[in-house]
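Structure (structure tokens):
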């Protein structure tokens with residue numbers, strides 16, 4: 277639990293997060309507690325859907341619960357839904373202003389692997405087929421953002437798989453149109469749509485489905501709200517001391533969860549870092 281290193285230069289401790297991601301996630305505000313929500317549209321469920329998280333609409337009819345089951349709160353045209361509606365619109369507009377890193381075609385999936393960037397898809401409706409892999413390259417803070425200028429449809433049995441520390445709460449989909457998740461498909465991430473969200477028979481959503489203007493229709497689905505990740509390390513203290521010809525650093529942790537190592541890096545400009553030392557956990 278106690279570690280001490282003598283280093284010739286200034287170092288920065290990076291707790292499993294050595295990379296810098298320059299994209300920013302939108303602030304969801306009160307909408308963060310919703311797994312399914314529309315600011316303006318009907319919300320209709322058919323069948324025995326299972327939903328974990330808050331659901332609702334700020335403007336529109338709400339039906340289907342029961343038979344649908346909700347582990348959360350239902351908000352329909354109340355003060356909470358009013359604020360959530362405003363927050364969804366703000367978050368959507370934030371992503372509209374986000375600059376694209378890459379413009380890609382209208383076909384996603386088919387065992388495609390995408391790394392942290394802002395991806396833009398435009399010029400018509402987009403399709404997600406088979407399997408799409410989202411690879412965070414070992415950075416649990418990495419953001420992967422999709423901006424779809426049009427509708428997005430998934431094919432039956434399609435899936436999104438997160439690998440190499442990719443996190444559900446760092447995947448965002450801005451869709452300027454409707455989203456349709458096909459039968460028995462799995463969709464992951466936070467959706468901010470400017471249109472309807474249709475989750476078809478036996479489909480699953482892991483994340484959030486938020487619409488600024490459009491109906492939500494669910495058909496015997498499973499939907500689970502994103503849970504924020506817990507940092508793997510709690511520091512009791514971190515001390516640095518200059519001792520003439522070298523610098524001495526020491527720290528102690530109270531808890532370490534799913535932590536494999538510490539990485540220490542040096543910098544002369546606070547922008548560019550070079551790895552110096554890696555030590556295993558609980559030494």
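Numbering (the working numbering), first residue to last: 277 to 559. Beta carbons: idealized from backbone N, C-alpha and C, even for Gly. This structure is a prediction, so every number in the text was calculated from the model and none was measured.
- Around residue 345, the same chain offers 326 as residues with beta carbons nearer than 6 Å, after the five sequence neighbours per side are excluded.
- CA-to-CA, the gap between residue 464 and residue 428 works out to about 14 Å.
- Counting only residues of its own chain and dropping the five nearest sequence neighbours on each side, residue 347 has a CB closer than 6 Å to the CB of 328.
- The three-state reading of DSSP puts residue 341 in coil, since its state is none of H, G, I, E or B.
- In this structure, residue 493 lies near residue 474, with their beta-carbon atoms less than 8 Å apart.
- Rounded to whole angstroms, the separation of the alpha carbons of residue 525 and residue 311 is 44 Å.
- Membership of residue 364 in any beta strand (DSSP E) is not indicated; the residue belongs instead to the alpha helix (DSSP H) covering 355–372.
- In the structure shown, residue 303 adopts coil according to DSSP, grouped into three states.
- Exclusion of the five residues before and after residue 453 leaves 426, 427 and 471 as the residues of its chain whose Cβ lies within less than 6 Å of its Cβ.
- DSSP places residue 474 in the strand class (E or B) of the three-state scheme.
- Considering only 436, 441 and 314, the residue with the shortest C-alpha distance to residue 356 is 314.
- Separation of the CB atoms of residue 382 and residue 422 is rounded to 12 Å, and the pair is thereby denied contact status at 8 Å.
- With a beta-carbon spacing of about 5 Å, residue 404 and residue 434 fall inside the 8 Å limit used to define contacts.
- At the C-beta level, residue 367 and residue 303 come within 8 Å of one another.
- Around the beta-carbon of residue 490, 16 or more other beta-carbon atoms lie within 10 Å, marking it buried.
- A distance below 8 Å separates the beta carbons of residue 480 and residue 462.
- Ranked by Cα distance from residue 456, the options 448, 447, 467 and 446 are led by 467.
- Using a Cβ distance threshold of 8 Å, residue 378 and residue 388 do not count as a contacting pair.
- Within the DSSP secondary-structure output, residue 482 pairs in a beta bridge with 464 and 500.
- Closest in alpha carbon position to residue 384, among 437, 499 and 498, is 437.
- Within the model, the alpha-carbon separation for residue 342 versus residue 502 is close to 23 Å.
- Rounded to the nearest whole angstrom, the CA to CA distance from residue 401 to residue 409 is 20 Å.
- In this structure, the straight-line span from the alpha carbon of residue 371 to that of residue 316 is close to 19 Å.
- Separation of residue 332 and residue 301 (C-alpha to C-alpha, rounded to the nearest whole angstrom) is 23 Å.
- Here residue 515 is not near residue 496, since their CB atoms are 8 Å or more apart.
- Nearest in C-alpha terms to residue 324, of all of 517, 518, 476 and 374, is 476.
- Closest in alpha carbon position to residue 451, among 339, 322, 432 and 395, is 395.
- Here residue 396 is bridged, per DSSP, to 379 and 423.
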